[in-house]
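Under our numbering, think of the first position of the sequence shown as 21, with each following residue one higher.
Yeah, the Cβ is synthetic: ideal placement off N, Cα and C, and Gly gets one too.
From a predicted model like this one, the values you see are computed outputs, not experimental measurements.
For reference, the structure discussed in these notes is given below.
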Amino acid sequence: MGITIISDRHAGIKHAVRGFPDEWGWTWRWCIRHFLANFQHKFGKKKDIRDQLWSAAVAHQPKKYEQKMKTIRQIHRAGAVWAEGQDLHM
21 MGITIISDRH AGIKHAVRGF PDEWGWTWRW CIRHFLANFQ HKFGKKKDIR
71 DQLWSAAVAH QPKKYEQKMK TIRQIHRAGA VWAEGQDLHM
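Listed below in structure tokens is the structure:
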């Protein structure tokens, strides 16, 4: 059993969870809604890319994730570089 913290990476939450004991087996993950909101804040509202990012985020197979990311790289290189460069863990 473990705990997963899902958030928008708010500094207050990050500070609070740093005190969690390692034996709790906790992990930190992005909320995909916040991830996409941050993408749109940086690059503007691009529905086609947003939809592709959503599909990549919920892909259950690495092959499907890579297919979606390949499409994103083709239609918005800077957006793909940004998305792939995000620290998805705390």
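Item: Can you tell me whether residue 45 is buried or exposed? The criterion is at least 16 other CB atoms within 10 Å of its CB, across all chains shown.; Value: exposed
Item: Cα-Cα, which of 104, 32, 65, 60 is closest to residue 85?; Value: 104
Item: Where does residue 79 sit, in a helix, a strand or coil, going by DSSP?; Value: coil
Item: Which residues in the same chain have their Cβ closer than 6 Å to the Cβ of residue 76, if we skip the five residues on either side of it in sequence?; Value: 85, 88, 89
Item: Is the beta carbon of residue 66 sitting closer than 8 Å to the one on residue 96?; Value: yes
Item: In whole angstroms, what separates the C-alpha of residue 32 from that of residue 51?; Value: 16 Å
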